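A quick write-up on the structure given underneath.
Protein chains: 2
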Amino acid sequence: MTVVTALGIDWGTSSFRAYRLDAEGGVLDVRRADAGIRAIDDGDFDGAFEQLVGDWLDAAPDAPVVLSGMIGSRQGWLEAPYLACPAAVGDLAGAMAPLDLARGRRVYLAPGLSTRGASGVPDVMRGEEVQILGAVDRLGVERVTICLPGSHSKWVQVDDARVIGFATYMTGEAFEALRRHTILGRTIDHAAWDDPAFLAGVDRSGDDGGLLQHLFGVRAAGLFGELEPTTAGAFLSGLIIGHELRAATASHDGSVVYLIGEGGLVALYGQALRRIGVTSREGPPDAAARGLHLLAEHLREHHRS
Amino acid sequence: MTVVTALGIDWGTSSFRAYRLDAEGGVLDVRRADAGIRAIDDGDFDGAFEQLVGDWLDAAPDAPVVLSGMIGSRQGWLEAPYLACPAAVGDLAGAMAPLDLARGRRVYLAPGLSTRGASGVPDVMRGEEVQILGAVDRLGVERVTICLPGSHSKWVQVDDARVIGFATYMTGEAFEALRRHTILGRTIDHAAWDDPAFLAGVDRSGDDGGLLQHLFGVRAAGLFGELEPTTAGAFLSGLIIGHELRAATASHDGSVVYLIGEGGLVALYGQALRRIGVTSREGPPDAAARGLHLLAEHLREHHRS
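What follows is the structure, encoded as C-alpha cells:
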C-alpha cells in the first residue's frame, strides 16, 4: 500500500476538491464536492472540513495539509494575505497561513498573489497560483505564458519558474450578465450552440468599434435575421472571448500559450486562439494537485517541527 | 388663441410624450406619461392612445398626427419598416406607415433608420432619427456629429441635412447589467456618486487591456481599498462611458459634438468628452417636437387629401 504523504485541498467559491498525494506528488485519491465556500452555512468551515475529509485526516496523521483557493480569502476560513509578484513556490510556501483545526491538527492556507499593471492598477488571484506553479513544474519549463479561462480569466507570465505578473479579464462573468440581463437575452436560445457562429464572433471582435458597439450589433443582426436564437449565444460567446484574447495577446511574443482549466472551455479557447493566429496547448490536467504537492514538500523541508 | 396645427407623439419603450404644435413648430402643450409601449396591456394601443390624448384629437380634428419611436416597431402598434441611410426628413415622411384609429382618424408612424458599418454589420435606431433631424433643423447646420447618450447610445453622422450613418453602443444597458449582476455589485453603493471617481474611470478607459480587464480592475481596486463603495459606481460609469467615447471618437474630425438627451446624462457625457479632449455642446432641448413638426409639415404638403 502506497503511503499518503500529503493532503492537498483546492477549495474555491463554488467547488471543493481534495487530493491524497504520494511522495512524488502522484494523486492517490480525489474527492470532489459541491461544497464551495459559498455553500458553507454559518462559516462553519471546521465542521464542513471534518465532514468532507475527516477520515483522510485520521488515516494520515503525519501528512502535511495544504489548502488553496478562496478558502484563504476574507470571505473564507482565515485570510492568507496576498503575496506580491514575482513569486515562486518557495515564496508561496513561506507565506502560508497556519490554522489549527478544532481537533488540534495544524493545516496551512496558501496566499493569493497580487500584481500591478503598467498603469498601477492592482490585480489579484487566489487558487490559480498553485495550479500555475504546479503546471510549470510538470511542464519542466522556466518561462511560459499560461491562460486560465473562466469567469475571471487569468493571463499569467512565468519566468525563471516565478509568476512575474498577470492580468485578469472578467470574461465569463460579463458574458453571463450580458446574455441574461440585457435585451440580448430575449433573442438567445441559451441551450443552443453553433461552432461557426462562435468563430464568427471571434472574427467580429477584431473589427473597429469596441465591445460596447459589437454588443449592440448582436441585437441588430438578430432584427435582420442575420443571427438566429440558435446561433446568437455562440456568436456572443466568441465575441466576448475574442475581445479578451485580442487584448491579452496584443503584445504576445509568439510562444505557445498553455491553457489550464475545465476541458470544454479550454477547447473553446484553443479554437479561438487558433482563429486569431496564436498557438496554444492544453496544460497538464493535474496542475492543482502538483502545486499542492510542491507546497507540502516545502512545508516538510522548512516549516514543520 | 393659437391654432394647433399638428399633434406629435414620441412613444418609446418606457415613456410617452405628446406635443401640441403650432404652425411654426412651437410647442403649445406637452403631456408626459409613464405609458411606454412595455406598459400597455394586451397590446391595446388604440385604447391607451384615446385615454392619453383623446381630448387633443377631438379638439384638433384636422391636425395631422405623427408618432415616432418604438410604437412603430414589431413590438409596437404597427411596424413601420426601417429605412436605410442616408435619409432626410422627406425620406422619413415618405416612408411613414398610415394607421386608422378605431375612431376613424388616420395617424402616421415614422419608420426607424438602418445602416451598415464598414464591416457590413447592421445597426438600427427608432425614434432618435426624428430628434436628430429636428435638432439639425434647429441648429441650422448641414453637417454635424450628434451623440444621443442612453441605454443604447447613438453616434450619428449628418451631412447635407441627411443622416448618413450611425453607430450604437450598448453603454447604459451594459453598465446596469454589470453593476447589478456581477461581483462588482457587492462593493458598489448604488446611491452614491463621486465626480472625481467618474473622471478617473474615464482616464482608466484609455489604458491598454480593454474593457474586460478594466472591469476586473474595479474589483481588485476595491480589495486594496483604492476604490470605496461610494466611489466604485461612479468609477465604473466613467470607465464604461469612456470606452464608448474613445471608440466613437477614434476617427473624429475635431468638430463640436452635439449631445441630445436627458439633462443629467448629457452633462456627464459633456464632462467625459472634455476629459478626452473632445468639444461638445448641448443640443436643442425640443429636438423631438421639432422633428415631429417637420414630418407633419411634409404630410400636409404631400400626403393628405
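In the order they appear, the protein sequences are chains U and R. Take the first sequence: its position 198, counting from 1, is numbered 349 in this note's numbering, and each next residue is one higher. Take the second sequence: its position 280, counting from 1, is numbered 431 in this note's numbering, and each next residue is one higher. Ideal Cβ positions, reconstructed from N, Cα and C, are used throughout, including at glycine. Since this is a predicted model, take the numbers as computed values, not measurements.
- Judged by DSSP in its simplified three-state form, S388/U adopts helix.
- Residues D274, H303 and K305 of the same chain have their beta carbon placed closer than 6 Å to that of T319/R, with the five preceding and five following residues left out of the count.
- With respect to chain R, the C-beta atom of E324/U has a partner C-beta closer than 7 Å.
- At least one C-beta of chain U is nearer than 7 Å to the C-beta of F367/R.
- If you check the CB distance, M321/R and F367/U come in under 7 Å.
- Taking 7 Å as the cut-off, the beta carbon of A157/R is found closer than this to the beta carbon of P215/R.
- If you compare the alpha carbons of S165/U, A447/U, E413/U and G263/U with that of A190/U, the shortest gap goes to S165/U.
- Using a Cβ-Cβ cut-off of 7 Å, H303/R counts as an interface residue toward chain U, since at least one Cβ of chain U sits closer than that to its own.
- When CB distances to chain U are screened at a threshold of 7 Å, not a single residue of the region 239-250 of chain R falls below it.
- Selection R225/U, R451/U and I160/U evaluated against W207/U yields I160/U as nearest (Cα-Cα).
- Rounded to the nearest angstrom, the gap between the Cα atoms of D251/U and G393/R is 48 Å.
- In terms of beta-carbon proximity, T333/R lines the interface with chain U, with at least one pair separated by less than 7 Å.
- Taking 7 Å as the cut-off, the Cβ atoms of G278/R and G163/R count as close.
- Beyond the five residues adjoining it in sequence on each side, P435/U comes within less than 6 Å, by CB distance, of A286 and R289 in the same chain, given in chain order.
- Secondary structure remark: continuous alpha helix (DSSP H) runs of at least 4 residues inside the region 416-454 of chain U, in chain order: 438-449.
- For L410/R, DSSP records a beta bridge to C298/R and E433/R.
- Rounded to the nearest whole angstrom, the C-alpha separation of V258/R and S265/R is 23 Å.
- R337/U sits exposed, since fewer than 16 C-beta atoms from the chains shown fall within 10 Å of its C-beta.
- Nearest neighbour of R171/R by Cα position, chosen from P232/R, G373/R, L203/R and V407/R, turns out to be L203/R.
- Counting along the chain, the unbroken beta strand (DSSP E) around I315/U starts and ends at R313 to Y320.
- A231/U counts as buried, since no fewer than 16 other beta carbons sit within 10 angstroms of its beta carbon.
- Contact annotation for Y320/U against chain R: L363, Q364 and F367 [CB-CB distance below 7 Å, chain order].
- P273/R has a beta carbon lying within less than 7 Å of a beta carbon in chain U.
- Just so you know, the alpha carbons of Y420/U and A348/U end up roughly 14 Å apart.
- Taken through DSSP and simplified to helix, strand or coil, R337/U comes out as helix.
- When A438/R, E293/R and G263/R are compared, the shortest CA-CA separation from R168/R is found for A438/R.
- A325/R and L396/U do not touch by the CB rule: their CB atoms are close to 19 Å apart, not below 8 Å.
- Taking one beta carbon from each stretch, the region 216-229 of chain R and the region 175-183 of chain R have fewer than 3 pairs nearer than 8 Å; the two do not touch.
- Taking 9 Å as the Cβ-Cβ cut-off, the region 385-398 of chain U approaches chain R at I391, H394, E395, R397 and A398, given in chain order.
- When DSSP states are grouped into helix, strand and coil, F375/U belongs to the coil group.
- Look at S270/R: its C-beta is under 7 Å from a C-beta on chain U.
- According to DSSP, W162/R shares a beta bridge with F167/R.
- A distance below 7 Å separates the beta carbons of D197/R and A253/R.
- Only exposed fits R331/U, as fewer than 16 other CB atoms lie within 10 angstroms of its CB.
- G361/U counts as buried, since at least 16 other C-beta atoms from the protein chains shown sit within 10 angstroms of its C-beta.
- Straight-line spacing of the CA atoms in V407/U and A235/R works out to 46 Å.
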